[in-house]
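What follows is a short report on a single structure.
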Amino acid sequence: MSERIVVVGAALVDDGRLLAARRSAPVELAGRWELPGGKVEPGETADVALVRELREELGVDAEAGERVPGEWPLRPPYVLHVWAARLLPGSAAPKPLQDHDALRWLGPGEIWDVDWLDQDVPAVRQALAHLGGLGPGANEAPGAKEVPGRKEAPGA
Ligand SMILES: Nc1nc2c([nH]c(=O)n2[C@H]2C[C@H](O)[C@@H](COP(=O)(O)OP(=O)(O)OP(=O)(O)O)O2)c(=O)[nH]1
């Protein structure tokens, strides 16, 4: 009966680190840290919404990976779903363009150094469990990374 609106959050992992974003609004959430993302719009799939939100909020080109199993209630009618995500080769580095005033890449020993929104704590914990932690290659598709400055030699 009651309508649920899905908010998608990205477990964006790069080089063994998870991106956390500090909200700048609304006041009751400002200063707390979250997984970047936003509401899925009518007619949109979750993975498309995730890529759109990451472009709007952070200025990055990213792709969604797997959904992390689980669902975390936010203020009704919203529920949080989390998806693994990665930056595409050639993407700009994330910048806090919208909704956030700071970003941090958190290494394996730093995940709990930021003041996550209460509802994000179980979601982040589950994301890390699902991704197998942030160890080397934990969330890295083979061949996903380009070595900066190194170009494929054209065929002889
Ligand atoms: N993106 C995101 N939102 C979260 C998380 N945890 C959490 O409680 N929220 C809340 C904050 C907001 O009330 C709501 C998502 O709203 P949003 O402001 O990020 O979404 P949006 O960009 O689509 O918003 P808008 O177009 O309506 O301004 O969910 C989280 O990890 N990521």
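Residue 114 in UniProt numbering sits at position 114 of the sequence shown; the count goes up by one each step and never skips.
Even glycine gets a Cβ: it sits at the ideal position worked out from N, Cα and C.
Quantities reported herein were computed from a predicted structural model and do not represent experimental measurements.
Of the candidates R55, H100, V82 and W33, the residue whose Cα lies closest to the Cα of I111 is W33.
Approximately 10 Å separates the beta-carbon atoms of R86 and L19; this is outside 8 Å, ruling out the contact. Here D113 carries a helix assignment [DSSP, helix/strand/coil]. By alpha-carbon distance to K95, the top candidate from G59, G133, L29 and V121 is G59.
Residue state for P69 is assigned as strand, using DSSP reduced to three classes. Closer than 7 Å to some heavy atom of ligand 1: that does not describe the Cβ of P42.
With fewer than 16 other Cβ atoms from the protein chains shown falling within 10 Å of its own Cβ, L97 counts as exposed. Boundaries of the beta strand (DSSP E) harbouring V7: I5 to D14, taken from the DSSP string.
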